[in-house]
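Student: Please read through the structure below; I'll follow up with questions.
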Amino acid sequence: MILGVIPARGGSKGIPRKNLKTIAGKPLIVWSIEAARRSRRLDRFVVSTEDAEIAEVSKKAGAEVLWRPKELADDGATTIAVLQHIVRQEKPETLVLLQPTSPIRIGGIIDQAIERFFKTGADTVATGFTTYQYEWGTMDNVPRQKMKGWFYDDGNVYVHKTPHLAEGHWYGAKREAMIIPDHSNYEIDNETQFWAVEAIMLKLIERHGSLD
-5 MILGVIPARG GSKGIPRKNL KTIAGKPLIV WSIEAARRSR RLDRFVVSTE
45 DAEIAEVSKK AGAEVLWRPK ELADDGATTI AVLQHIVRQE KPETLVLLQP
95 TSPIRIGGII DQAIERFFKT GADTVATGFT TYQYEWGTMD NVPRQKMKGW
145 FYDDGNVYVH KTPHLAEGHW YGAKREAMII PDHSNYEIDN ETQFWAVEAI
195 MLKLIERHGS LD
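Counting along the sequence shown from 1, when you hit position 211 you're at 205 in the numbering used here, and nothing is skipped either side.
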């Protein structure tokens, strides 16, 4: 089974009630639910939450809700701990993580990542981009064209074989990096990023009519 997972706890310090905050006309979490519903490769997908309001909004948007224990919903809870809980309970062979803080998924990115996963035989596929940012003092004044750069996972889509998740590891031995269009690289952790992502979403909707 290929199981999609959208983790969405109720608490958020940077942006209170972030997953329910309206962005481009819909609650943030609904954009990820709609992207999962469009996927042709997911067998099922669930929203993992402890929050009744998030659960209600998710169900209305067409998602199955998987309740998580309260101890997996505080500030100290890690994503890997949440995924371990899901793997133990649902026992999928493949798990596709869709973080709601990365809401821009256009052009079948979810299915492309799943197809890359099976084609390459990877243990983990992650979407992202090549960054040329380095800690100040570690790189001299080198022209960007001469910098090697490195892959940064953007949080949009992760595809995992589940054995390493069950053992508490964030990725497996064979990792595959998937570069995606830069408008999909943005993730929301604070208010400024929220404004920026909303502006991008509205511009894409203006150009294409939707975010399908």
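A virtual CB, placed ideally from N, CA and C, is assigned to each residue, including glycine.
Predicted model, so just to flag it, every value in this text is computed and none were measured.
What beta strand (DSSP E) runs, 3 residues minimum, are completely inside the segment 5 to 88?
Tutor: You should have 38 to 43, 58 to 61.
Student: CB arginine 174 to CB phenylalanine 112, shorter than 9 Å?
Tutor: To locate residue 174, count along the sequence shown from 1; it is residue 180. To locate residue 112, count along the sequence shown from 1; it is residue 118. The sequence shown places isoleucine at residue 174, rather than the arginine named in the question. The answer is no: Cβ separation not under 9 Å.
Student: Quick check: the segment 70 to 77 against the segment 128 to 148, are at least 3 beta-carbon pairs closer than 8 Å?
Tutor: Segments in contact, no.
Student: When burial is assigned at 16 or more other CB atoms within 10 Å of the CB, is proline 137 buried or exposed?
Tutor: In the sequence shown, residue 137 corresponds to position 143, counting from 1. Proline 137 comes out exposed.
Student: Going by beta carbon distance, what residues of the same chain come within less than 6 Å of tyrosine 165, once the five residues before and after it are set aside?
Tutor: Here residue 165 corresponds to residue number 171 of the sequence shown, with the count starting at 1. Once the five neighbours on either side are set aside, the close Cβ partners of tyrosine 165 are Thr118.
Student: Quick check on the burial criterion: 16 or more other C-beta atoms within 10 angstroms. Buried or exposed for tryptophan 25?
Tutor: Within the sequence shown, the letter at position 31 stands for residue 25. Result: buried.
Student: If we define contact as Cβ-Cβ less than 9 Å, is methionine 133 a contact residue for chain B?
Tutor: In summary, chain B is missing from the structure at hand, where a single protein chain is found.
Student: Report the rounded CA-to-CA distance for arginine 11 versus lysine 140, giving the unit in angstroms.
Tutor: On the sequence shown, residue 11 is found 17 positions in, with the first residue counted as 1. On the sequence shown, residue 140 is found 146 positions in, with the first residue counted as 1. Computed Cα separation, rounded: 43 Å.
Student: How big is the Cα-Cα spacing for glutamate 50 and alanine 160?
Tutor: Numbered from 1 along the sequence shown, position 56 holds the residue referred to as residue 50. Numbered from 1 along the sequence shown, position 166 holds the residue referred to as residue 160. Roughly 29 Å separates the two Cα atoms.
Student: Looking at C-alpha atoms only, which residue of Ile0, Asp183, Ser96 is the closest neighbour of leucine 36?
Tutor: Within the sequence shown, residue 36 is the residue found at index 42, counting from 1. Of the candidates Ile0, Asp183, Ser96, the one whose C-alpha sits nearest the C-alpha of leucine 36 is Ile0.
Student: Is the beta carbon of glutamate 44 sitting closer than 9 Å to the one on arginine 62?
Tutor: For this step, residue 44 is matched to residue 50 along the sequence shown. For this step, residue 62 is matched to residue 68 along the sequence shown. Yes, they are a contact pair.
Student: Select from Val191, Ala2, Leu198, Val59 the residue whose C-alpha is nearest the C-alpha of proline 94.
Tutor: Counting from one through the sequence shown, the residue named residue 94 turns up at place 100. Looking at the Cα atoms, Ala2 is the closest of the given residues.
Student: Going by Cα to Cα distance, which pick from Gly101, Ile100, Ile108 is closest to valine 90?
Tutor: Residue 90 sits at position 96 when you count from the first residue of the sequence shown. For the residues Gly101, Ile100, Ile108, the minimum Cα distance to valine 90 belongs to Ile108.
Student: Nearest by alpha-carbon distance to isoleucine 9: which of Ser96, Gln187, Gly203 is it?
Tutor: On the sequence shown, residue 9 is found 15 positions in, with the first residue counted as 1. Residue Gln187 is the option with its Cα nearest to isoleucine 9.
Student: Here's the rule I'm using: 16 or more other beta-carbon atoms within 10 Å means buried, otherwise exposed. How should methionine -5 be labelled?
Tutor: Locating residue -5 in the sequence shown gives position 1, counting from the first residue. Flag for methionine -5 reads exposed.
Student: Considering only their Cβ atoms, is the gap separating methionine 172 from isoleucine 17 smaller than 9 Å?
Tutor: Here residue 17 refers to the residue found at position 23 of the sequence shown. Here residue 172 refers to the residue found at position 178 of the sequence shown. No, the pair does not count as a contact, with Cβ atoms beyond the cut-off.
Student: In this structure, how does DSSP classify leucine 198 when only helix, strand and coil are distinguished?
Tutor: The sequence position of residue 198 within the sequence shown is 204, counting from 1. Of the three classes helix, strand and coil, the one that applies to leucine 198 here is helix, per DSSP.
Student: Between the alpha carbons of tyrosine 146 and alanine 46, how many angstroms are there, rounded?
Tutor: As a position in the sequence shown, residue 146 is number 152, starting the count at 1. As a position in the sequence shown, residue 46 is number 52, starting the count at 1. Cα to Cα, the separation comes out at about 34 Å.
Student: Can you give me the C-alpha to C-alpha distance between leucine 205 and alanine 193, rounded to a whole angstrom?
Tutor: For the purposes of this step, residue 205 is taken as residue 211 along the sequence shown, with counting starting at 1. For the purposes of this step, residue 193 is taken as residue 199 along the sequence shown, with counting starting at 1. Cα to Cα, the separation comes out at about 13 Å.
Student: Tell me lysine 155's beta-bridge partners as DSSP assigns them.
Tutor: The count along the sequence shown starts at 1 and reaches residue 155 at position 161. According to DSSP, which records beta bridges pairwise, lysine 155 is partnered with Thr88.
Student: Nearest-angstrom Cα distance between glutamate 28 and glycine 4?
Tutor: Along the sequence shown, one-based indexing puts residue 28 at 34. Along the sequence shown, one-based indexing puts residue 4 at 10. Rounded to whole angstroms, glutamate 28 to glycine 4 spans 20 Å at the Cα level.
Student: Please list the terminal residues of the continuous beta strand (DSSP E) segment that includes threonine 211.
Tutor: Here the chain comprises residues numbered -5 to 206, so residue 211 is not present and cannot be evaluated.
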